[in-house]
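Visitor:
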Amino acid sequence: SMDVANQVLRSLKKVGKTHKPTVQQAGFVVLKSPDIPSILVETAFISNPSEESRLRTPKHQQKMAEAIFRGVRGHFRKSPPPGTRWAMRTHVIENGDTLSHLATRYHISVAEIRDINGLTSDRIRTGQKIRIPGS
């Protein structure tokens, strides 16, 4: 959670001044789930008239949403959860490659490679791009 929060904070700093220079921690129950990263983003204080005014504009709302999205996306690109599409890598088939060779090299089964890539046989061709699940 701290990693994703830091990515989001870095992204928000590009939109404008932040109230705190570093990620803050709190003991909210909603933030304590051990199985998924959880963050709470305070975009402004509505008790501050100028911040409230900015929050009301669609342009500023869009900027904030995009900054949060870029931070979350950046985190998961840097640290993709195993088995997700983001954890996939692409292997370009070279002369002499076989599915068996790729399975051994990447520590997965031939059946997995076939399934992920929609292959109905073991035939592959030079230059073909094969998706390989990350670990």
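Note that the sequence shown covers residues 56 to 190 in this note's numbering.
Each residue gets a CB set at the ideal place from its N, CA and C atoms; glycine is no exception.
Return helix, strand or coil for Gly130, following the three-state DSSP convention.
Guide: The sequence position of residue 130 within the sequence shown is 75, counting from 1. Per the sequence shown, residue 130 should be read as His rather than Gly. Helix.
Visitor: Return the residue from the list Ser88, Glu121, Leu174 that minimises the CA-CA distance to Gly71.
Guide: The count along the sequence shown starts at 1 and reaches residue 71 at position 16. Nearest option by C-alpha distance: Glu121.
Visitor: Give the DSSP-derived three-state secondary structure of Arg144 in the structure shown.
Guide: Residue 144 sits at position 89 when you count from the first residue of the sequence shown. Strand, per DSSP.
Visitor: Between Ile148 and Thr175, is the Cβ-Cβ spacing less than 8 Å?
Guide: As a first step, residue 148 must be located in the sequence shown, where it is residue number 93. As a first step, residue 175 must be located in the sequence shown, where it is residue number 120. Not in contact: Ile148 and Thr175 (Cβ atoms no closer than 8 Å).
Visitor: How about Arg125 and Ser56: do their beta carbons lie closer than 8 Å?
Guide: Counting from 1 along the sequence shown, the entry for residue 125 is found at position 70. Counting from 1 along the sequence shown, the entry for residue 56 is found at position 1. Contact flag unset, no.
Visitor: With Lys68 as the anchor, note down where its alpha helix (DSSP H) starts and where it stops.
Guide: Looking up residue 68 in the sequence shown gives position 13. Here the alpha helix (DSSP H) through Lys68 covers 57-68.
Visitor: Please report how far the alpha carbon of Glu106 lies from the alpha carbon of Lys69, in whole angstroms.
Guide: Mapped onto the sequence shown, residue 106 falls at position 51. Mapped onto the sequence shown, residue 69 falls at position 14. Approximately 16 Å, taken between the alpha carbons.
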